[in-house]
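Quick note, the sequences are listed as chains A and B, same order.
According to this note's numbering, the stretch in the first sequence is residues 1 to 172, in order.
According to this note's numbering, the stretch in the second sequence is residues 1001 to 1124, in order.
By construction, the Cβ of each residue, glycine as well, lies at the ideal position given by its N, Cα and C atoms.
Bear in mind that the values here come from a model prediction, so they are computed numbers and not experimental data.
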Amino acid sequence: MKKKLLPFFVILIFGIIFIIFYKGLEDTNIYTPNLNVKKDIPIFNSKDFYSDKILKSSDIFEPNKIYLFNIWSSWCVPCRQEHPLLMTLSLNDKINIIGLNYKDNKKNAVNFLQELGNPYKKIFIDVDGIKAIEWGAYGVPESFLIYNNKIIKKYIGPLNQNSISEIKQLIK
Amino acid sequence: MNILKVFLIFFFLIHLNSVKADDQDERNQITKNLRCLVCQGQSVYDSDSEFANSLKILVKQKLNEGLSENQIYDYLKIKYGEWILYDPELNKNTYILWLLPILIFLIGGVIVFKNFFKKKKDQL
């Protein structure tokens, strides 16, 4: 009895382990966030960049309008790269660009905008990065395309020509 | 005498753990169980990245608001998905992970049990 059962169990256990490892080979071990999630935008209050007044997100984001919510910072080098693209996109009337100034020094941020231009209609301030977490952001730069108070698309990292033309396609 | 020694060792092992309990414990426990998504193979507790530092502040703030550990996990799961938790939940993707150790333990137990009784029978 024992002699029959033992090899059977050994083969069974190795078989199970083999299947698990074989399945594991197919999965990528690089984490890829889901970029096409249609989530509601978070409701939050934060300081306005220029007036220091408390802004309500519900007053800024109106339904049936398209917004690009862009998280940026003056210390972030990729933000500098994507900034000219945001400037050209801001010329488009169909889309409003809203900024979130992430963990920044106010003086540096003002200099950044003076140097490169201000594409933002409104800018929120995020002193400690908590507002960005409410948006489910990973870092700077990151952009969210919003329609009807829902996130249509998420861009992690700097925007490039492709993503800009994609946005222009989507808002047509 | 030996029983007393064993008893003392267990007594200290169990009770010295609770000597270090303080307010930060809960926060550290939560941040240790959160994956730092922008780092590689680090928990939020271990990391010093901007993302991790913000999360630490957030966890502190949520604890002050009176949220429980599980409520904070749920909140972050909505924002970032289940990947942010180190402790995977039992679902269709993870059932092998959870059930395999139990299965192996049971099979091992059966083998040990059978061998044990067979040897006893042989001796008789």
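Per-residue contacts from residue i into chain B (C-beta, under 8 Å)
i, result
"leucine 6 (chain A)", "Ile1111"
"phenylalanine 112 (chain A)", "Ordered by position in chain B, no residue passes the 8 Å Cβ test against phenylalanine 112 (chain A), which lies about 17 Å from the chain."
"tyrosine 13 (chain A)", "First, the amino acid is wrong: residue 13 (chain A) is isoleucine here, not tyrosine. Chain B residues near isoleucine 13 (chain A): Ile1104, Ile1107."
Chain A residues whose Cβ lies nearer than 9 Å to that of residue i
i, result
"phenylalanine 1051 (chain B)", "Gly129, Ala132, Ile133, Ala137, Tyr138, Gly139"
"leucine 1058 (chain B)", "Asp128, Gly129, Ile130, Ile133, Glu134"
Run of the beta strand (DSSP E) containing residue i, from where it starts to where it stops
i, result
"lysine 71 (chain A)", "The question names lysine, but residue 71 (chain A) is isoleucine in the sequence shown. 66 to 72 is the extent of the beta strand (DSSP E) around isoleucine 71 (chain A)."
"leucine 91 (chain A)", "Looking at the DSSP string, leucine 91 (chain A) is not in any beta strand (DSSP E), and its letter there is neither H nor E."
"lysine 47 (chain A)", "45 to 47"
"leucine 55 (chain A)", "54 to 56"
"aspartate 126 (chain A)", "122 to 126"
Residues bridged to residue i (per DSSP)
i, result
"tyrosine 147 (chain A)", "A:Ile66, A:Lys150"
"aspartate 1046 (chain B)", "DSSP output for aspartate 1046 (chain B) lists no bridge partner at all."
"glutamate 115 (chain A)", "Glutamate 115 (chain A) is not bridged to any residue."
Rounded straight-line distance, which links the Cα of residue j to that of residue i
i, j, result
"proline 1101 (chain B)", "valine 1006 (chain B)", "30 Å"
"isoleucine 990 (chain B)", "cysteine 1036 (chain B)", "This structure does not reach residue 990 (chain B), given that chain B is present from 1001 up to 1124, and the question cannot be answered."
"tyrosine 1095 (chain B)", "glycine 15 (chain A)", "17 Å"
"lysine 38 (chain A)", "valine 110 (chain A)", "33 Å"
"serine 143 (chain A)", "threonine 1031 (chain B)", "26 Å"
"glutamate 1026 (chain B)", "leucine 1058 (chain B)", "13 Å"
"isoleucine 1104 (chain B)", "leucine 1034 (chain B)", "29 Å"
"leucine 100 (chain A)", "aspartate 59 (chain A)", "15 Å"
"proline 63 (chain A)", "leucine 86 (chain A)", "22 Å"
"isoleucine 125 (chain A)", "asparagine 92 (chain A)", "24 Å"
Chain-ordered neighbours of residue i on chain A, where CB pairs are closer than 8 Å
i, result
"glutamine 1061 (chain B)", "Ile130"
"serine 1054 (chain B)", "Lys103, Asp128, Gly129, Ile130, Ala132, Ile133"
"leucine 1090 (chain B)", "Residues of chain A passing the Cβ test: none, with the nearest at roughly 16 Å."
Contacts that residue i makes with chain B (C-beta to C-beta distance below 7 Å)
i, result
"lysine 103 (chain A)", "Glu1050"
"isoleucine 54 (chain A)", "Residues of chain B passing the Cβ test: none, with the nearest at roughly 17 Å."
Residue range of the unbroken alpha helix (DSSP H) whose run includes residue i
i, result
"glutamate 1089 (chain B)", "Careful: glutamate 1089 (chain B) lies outside any alpha helix (DSSP H) and carries neither H nor E."
"glutamate 1082 (chain B)", "That residue, glutamate 1082 (chain B), is in no alpha helix (DSSP H); it is neither H nor E in DSSP."
"glycine 1109 (chain B)", "1095 to 1123"
"arginine 1027 (chain B)", "1024 to 1032"
"alanine 174 (chain A)", "Because chain A spans 1 through 172 in this model, residue 174 (chain A) falls outside it and cannot be assessed."
"glutamine 161 (chain A)", "161 to 170"
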